[in-house]
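Comments concern the structure below.
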Amino acid sequence: MNFAESRFWGLLAAGMTVIVLLRWILKPWLASRRAEFDKAALLSLGLFLLLCVSWVTFLIFLVVAILSYVGLMWILRRDPRRWHYYLFFLIPLQLAPLVYYKYANFAVNDVLGLNVPSLHQLVIPVGISFYTFQKVAFVVDTLAFKQPLPRFLDYLNFAGFFPQIVAGPIERRKDLLPQMEAFRFRWSVEQMNRGAERIALGLFFKMCLADNLAAFFDPAPVGNAYQIWLANLVFGLRIYYDFAGYSLIALGLASMLDIRLTLNFASPYCSSSMVEFWRRWHITLSQWFRDYLYVPLGGGRVRWWAFNVMLVFVVSGVWHGAGWNFVLWGAIHGVALVVNRLFGRRLKLPAILGWLLTMLTSFCAWLGFYETRTSVLMMKVKTLLTPHAYGRSAFHEAVHQWSSAQGFVLICFLLLTSAVLLLEWQSIARRDAPYYYLCRPAVLVALVILTVMLAPGKSNGFIYFAF
Amino acid sequence: MASSTSRFKYVPGRAVLLLATALASWVICAVYSVYFNPEVVHYHQGDAIKRAWAAQMTREHGSKTIIYGGSSCEFSVDGERLLANYGEPVVNDGGHAGMGAVVLTESALGDLRRGDTLIIALEPFLMTAPFDGEPSLGVQFSVALHHPEWVLHPVVGVGDINSFQAAMALRPGGFHVFTLFGKFILGQPLYRYKLSDYHRSGWKQTAVRVPQTAGAGFGPHLSTGARIMLTNLSQWSRTNGVRLAYSLPWCYCPPDELRDVRHKNAEYLAEIMAFVPVLRDPTLGADTVATDFADAALHPDEAGAARRTDELGRELKQWDIWTRTELDRAIADSLDTR
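Spelled out as structure tokens, the structure:
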């Protein structure tokens, strides 16, 4: 579901029109069954939209959803003392399609060195990482907290809620399921307004900032440190506004349906430590790893906590993609968090220095995220670590590369992005409410005008669709 | 009063305000893009010059030749010189490559009559890049000329977009807005070319000179869109009694890269030849005289354009087209000597 494409909004409008018409036509017969109708209609709309994205992902979604539900139903009839044993069977079954599509090529061809050409052509079904993790969390939560099995319709709506199925937020049973059980199509002025604000902000992030910055991302330079840093900066800003934009639109759509989703980003580039950064970046995934991997491993209360942190971040890296570059990205963040935890409290750096170090680390790590060619990645890392690569000639070369209209436009977009980041920082510093000032009516009106005026003619797909 | 208040309490005011802002912004952007965008205005005016010359050629000579492509075509072919030296009535219908291959083609088809000749001189980078929807400038140009069908239902049967996408393309975009802003604060002209750069036949020249050091790159193979377009164009020309051929634009090429570039160009032409005849230009589109180019590697100056025009005049006069054997030999020769 590409929220930046007119096709999505056309299909959504068509689906909603059909629902409204059916509701009106069937009004006399629906009197006592309107809630059931609404839930069935929401599910149909979600499945229809998912099918329009890709029939492969639609099928995998349905198979894993049914498998999870039936497996859970079977386990719940067994002795509760043995539930955790059954989990060792059910969770791998849930993860099987994800592992096959995402990691088979890497494991078989890259790690084991076997040459299986057919695996090279595997295309990762859109959203598989997200809905698989949500279903795993659902199974674990149901058993861990001894929750009853919900009705199948409610469960499917929980697992397949269209605004978040493809790229999150990854919701938990306790947050989303009760809302699905009480779901009705309601016209709430306040929710419509709130939803519209978030959609407008999300579209600005995606179409005005992320899509325009994408045009300036140049991963080609290998030997010039300044150009690599610029690529890291542009990529880091782009991926944030791309994914945060998607998440805000998802929140806005859900809000219009009177459903509250978890805020997935909370101005991470305003963080003054790596710990804070991970409290603000891809919040629902961080919470997933915390609750289903870090805590079961012993969390931060055991002697081997540093190993736990490293493991969680390496796994988080691999979740994003099968490749050594993602391992490196996760490892950099893992090391940064361990260092942060070891020395953060003792050193008590001034906030501005903490912010600078955090940005330096996170933007440096983005290299491991976008550079998938291992040999090139190593060369770039070497360049970044070589003092000679920061010489005057390298600087002049970088300046020459951007001393054109292209460079001027990039500067304009970086200034615009800085202004947005400033408002994000003020929202946190003064109100402790992410995006507060960006959601003020006058600011939003300006952002809408900028979106219409500045969004490029062609939209890029959302980066996180690839994960 | 009370009833109107209660009626409005169901209206999500902030949502409506944002939607209205978006709509109003779009209307202003669309009006700007079609009527005030300096590029669109320039090419709109240029189009009038080309149409007038085409009408004159039809009137005075019965049948004519239209050559079209991106700006490389506009800068290369001097129609008046062709008429004076070779007796060939030729209209230069080149435009801005940023309009895209489909709009440039559709624009050229409008002036053709049975018995005319159409020479495709689209740049290789336009033919090897994917045709994924029409570029904004192409949409804006077609709407400005009151021909939205060029992008909604193109005769060439590829690259079409729906009305909503076309409407969304009627916006300037960030690059345009910020470069315009930069030119404005620097006191530069809002578009680098002016109406007086046009000659009567649609040929364009500029006084700006930029030293050339490198040529223009392009992909290895014709895109799927280009193949469909050439197939349909070939069919259309047969149906409408129009003679059709392709002529490779000239591009500056550093002398040490000459053989490689010619080899690549010959392979490209071999792909084109599967769909339309290709005019037999022995230079294979590579020109090593850097001083014969104006402000870009595909924009010859007057001297460069004179050489290109004379070569084209000879080809048209003799209807000299490559045979497959000759082109294969050219490819093999460039391989041998590399």
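Residue numbers (our numbering), protein chains in the order written: chain A, 1 to 467; chain B, 468 to 805.
Glycine included, each C-beta is placed from N, C-alpha and C at the ideal position.
Could you check where the beta strand (DSSP E) with PHE760 of chain B kicks off and where it finishes?
As a position in the second sequence, residue 760 of chain B is number 293, starting the count at 1. Per DSSP, the continuous beta strand (DSSP E) segment holding PHE760 of chain B begins and ends at 760-763.
With a floor of 4 residues, list each alpha helix (DSSP H) that falls wholly inside the stretch 517-562 of chain B, ordered by position along the chain.
538-543, 546-553
Secondary structure at LEU715 of chain B, three-state DSSP: helix, strand or coil?
Indexing the second sequence from 1 puts residue 715 of chain B at position 248. LEU715 of chain B carries a coil assignment under DSSP once its states are collapsed to helix, strand and coil.
May I have the straight-line CA-CA distance separating LEU98 of chain A from GLY168 of chain A, to the nearest angstrom?
Here residue 98 of chain A is taken as the residue at index 98 of the first sequence, counted from 1. Here residue 168 of chain A is taken as the residue at index 168 of the first sequence, counted from 1. So the two alpha carbons sit approximately 16 Å from each other.
Considering Cα atoms alone, identify which of A:GLY236, A:GLY195, A:ASN193, A:ILE228 is closest to LEU213 of chain A.
As a first step, residue 213 of chain A must be located in the first sequence, where it is residue number 213. Of the candidates A:GLY236, A:GLY195, A:ASN193, A:ILE228, the one whose C-alpha sits nearest the C-alpha of LEU213 of chain A is A:GLY236.
By how many angstroms is the C-alpha of ASP723 of chain B removed from the C-alpha of ARG805 of chain B?
Within the second sequence, the letter at position 338 stands for residue 805 of chain B. Within the second sequence, the letter at position 256 stands for residue 723 of chain B. Low confidence applies here, because ARG805 of chain B scores a pLDDT of 47, under 50, leaving its location unreliable; read the following figure in that light. Near 10 Å, if we compare the C-alpha coordinates of ASP723 of chain B and ARG805 of chain B.
Which of the residues in the stretch 491-518 of chain B, read from start to end, lie with their CB under 8 Å from any CB of chain A?
Using a CB distance below 8 Å, the part of the stretch 491-518 of chain B facing chain A consists of SER492, TRP493, CYS496, ordered along the chain.
Thinking just about the alpha-carbon of each residue, which of A:ASN460, A:THR383, A:THR17 is nearest to the one in GLY223 of chain A?
Counted from its first residue, the first sequence places residue 223 of chain A at position 223. Nearest C-alpha to GLY223 of chain A: A:THR383.
If ASN559 of chain B sits next to GLY669 of chain B, beta carbons under 8 Å apart, how far is it from one beta carbon to the other, in whole angstroms?
The residue given as residue 559 of chain B occupies position 92 in the second sequence. The residue given as residue 669 of chain B occupies position 202 in the second sequence. About 4 Å separates the two Cβ atoms, so the contact holds.
Please return the same chain residues whose Cβ sits closer than 7 Å to the Cβ of VAL108 of chain A, not counting the five positions on each side in sequence.
Walking along the first sequence from the start, residue 108 of chain A turns up at place 108. Once the five neighbours on either side are set aside, the close Cβ partners of VAL108 of chain A are LEU114, VAL116, LEU119.
To be precise: take each residue of the stretch 447-462 of chain A, compare its Cβ to all Cβ atoms of chain B, and keep it if any distance is under 8 Å. Which residues remain?
VAL448, ILE449, THR451, VAL452, MET453, LEU454, ALA455, PRO456, GLY457, LYS458
Run the CB neighbour count on MET73 of chain A, radius 10 Å, all protein chains shown included, and call it buried at 16 or more, exposed below.
Indexing the first sequence from 1 puts residue 73 of chain A at position 73. It counts as exposed.
Show which residues of chain B have a CB atom less than 9 Å away from the CB atom of GLU197 of chain A.
Taking the first residue of the first sequence as position 1, residue 197 of chain A is located at position 197. Here the neighbours are ARG481, ALA482, LEU485.
Spell out the partners DSSP gives TYR665 of chain B in its beta bridges.
Here the question's residue 665 of chain B lines up with position 198 in the second sequence. Paired residues: B:LYS671.
Any beta carbon of chain B sitting closer than 8 Å to that of MET192 of chain A?
The residue labelled residue 192 of chain A in the question sits at position 192 within the first sequence. Chain B contact via Cβ: present.
To the nearest angstrom, how far is it from the Cα of PHE3 of chain A to the Cα of ALA446 of chain A?
For the purposes of this step, residue 3 of chain A is identified with residue 3 of the first sequence, where counting begins at 1. For the purposes of this step, residue 446 of chain A is identified with residue 446 of the first sequence, where counting begins at 1. So the alpha carbons of these two residues sit roughly 21 Å apart.
Which residue's Cα is closest to the Cα of LEU12 of chain A: A:LEU421, A:TYR370, A:PRO163?
Translated into positions along the first sequence, residue 12 of chain A becomes position 12. Measuring from the Cα of LEU12 of chain A, the nearest candidate turns out to be A:PRO163.
Residues of chain A with CB closer than 8 Å to the CB of ARG638 of chain B, please, in chain order.
By 1-based counting over the second sequence, the position of residue 638 of chain B is 171. Here the neighbours are VAL452, MET453, ALA455, GLY457.
If you measure from the beta carbon of PRO434 of chain A to each beta carbon in chain B, is any gap under 8 Å?
Taking the first residue of the first sequence as 1, we reach residue 434 of chain A at position 434. Closer than 8 Å: no.
Buried or exposed for ALA336 of chain A, please, with buried defined as at least 16 other CB atoms from any protein chain shown within 10 angstroms of its CB.
For the purposes of this step, residue 336 of chain A is taken as the residue at position 336 of the first sequence. By the neighbour-count rule (16 or more Cβ atoms within 10 Å), ALA336 of chain A is buried.
Taking 6 Å as the limit between beta carbons, can you name the residues of its chain near TRP329 of chain A, skipping five residues before and five after?
Residue 329 of chain A sits at position 329 when you count from the first residue of the first sequence. Closer than 6 Å at Cβ, skipping near neighbours: GLY317, ALA365, GLY368, PHE369.
Is the beta carbon of SER418 of chain A closer than 8 Å to that of THR358 of chain A?
By 1-based counting over the first sequence, the position of residue 358 of chain A is 358. By 1-based counting over the first sequence, the position of residue 418 of chain A is 418. Taking a C-beta distance under 8 Å as the contact criterion, THR358 of chain A and SER418 of chain A do not qualify as a contact pair.
What does TRP187 of chain A touch in chain B if you count any residue whose Cβ is under 8 Å from its own?
Position 187 of the first sequence holds residue 187 of chain A. Going along chain B in sequence order, the residues near TRP187 of chain A (Cβ under 8 Å) are TYR477.
Near VAL309 of chain A, what residues of its chain come up, given a Cβ to Cβ distance below 6 Å and the 5 sequence neighbours on each side ignored?
Counted from its first residue, the first sequence places residue 309 of chain A at position 309. So the list reads GLY334, LEU337, VAL338, once near-sequence residues are dropped.
For THR706 of chain B, count neighbouring Cβ atoms within 10 angstroms of its own Cβ and tell me buried if that reaches 16, exposed if not.
To locate residue 706 of chain B, count along the second sequence from 1; it is residue 239. Exposed, since its Cβ has fewer than 16 Cβ neighbours within 10 Å.
Any beta-carbon of chain A closer than 8 Å to the one on ALA489 of chain B?
For this step, residue 489 of chain B is matched to residue 22 along the second sequence. The beta carbon of ALA489 of chain B falls within 8 Å of a beta carbon belonging to chain A, placing the residue at that interface.
In the structure shown, what three-state DSSP assignment does ASP154 of chain A receive?
Counted from its first residue, the first sequence places residue 154 of chain A at position 154. Note: ASP154 of chain A maps to helix in three-state DSSP.
Taking only the alpha-carbon atoms, compute the straight-line gap between LYS135 of chain A and GLN287 of chain A and give it to the nearest angstrom.
Locating residue 135 of chain A in the first sequence gives position 135, where the first residue counts as 1. Locating residue 287 of chain A in the first sequence gives position 287, where the first residue counts as 1. Cα to Cα, LYS135 of chain A sits roughly 15 Å from GLN287 of chain A.
Locate the alpha helix (DSSP H) running through ALA144 of chain A, then write down its first and last residues.
Residue mapping note: residue 144 of chain A aligns to position 144 of the first sequence, counting from 1. Membership of ALA144 of chain A in the alpha helix (DSSP H) is indicated by the continuous run 128-144.
Which class does ARG805 of chain B belong to by DSSP, given the choice of helix, strand or coil?
The residue you call residue 805 of chain B lines up with position 338 of the second sequence. Residue placement at ARG805 of chain B is poorly supported in this model, since its pLDDT is 47, which falls under 50; the coordinates are not used for a value here.
Along chain A, in chain order, which residues have C-beta atoms closer than 8 Å to that of MET635 of chain B?
Reading the second sequence from its first residue, position 168 is the one you call residue 635 of chain B. Neighbours of MET635 of chain B on chain A, chain order: SER6, GLY457.
Examine the Cβ distances between the stretch 199-207 of chain A and the stretch 166-185 of chain A and report whether three or more of them are shorter than 8 Å.
Judged by pairs of C-beta atoms under 8 Å, the stretch 199-207 of chain A does not touch the stretch 166-185 of chain A, as fewer than three such pairs exist.
Does VAL745 of chain B come out as helix, strand or coil in the three-state DSSP assignment?
The residue you call residue 745 of chain B lines up with position 278 of the second sequence. Correct three-state label for VAL745 of chain B: strand.
Can you check which of these residues, B:GLY561, B:ARG581, B:GLY582, is closest to GLU573 of chain B by C-alpha distance?
As a first step, residue 573 of chain B is located in the second sequence; it is residue number 106 there, counting from the start. GLU573 of chain B has its Cα closest to that of B:GLY561, out of B:GLY561, B:ARG581, B:GLY582.
Which bits of chain B does VAL445 of chain A rub up against, with CB to CB less than 8 Å?
Against the first sequence, residue 445 of chain A aligns to sequence position 445. The answer, in chain order, is LEU484, LEU485, THR488.
Output yes or no for whether 8 Å exceeds the beta carbon distance between ASP282 of chain A and PHE265 of chain A.
Position 282 of the first sequence, counting from 1, holds the residue named residue 282 of chain A. Position 265 of the first sequence, counting from 1, holds the residue named residue 265 of chain A. For clarity, residue 282 of chain A is His in the given sequence; the question names Asp instead. A contact, by the Cβ cut-off of 8 Å.
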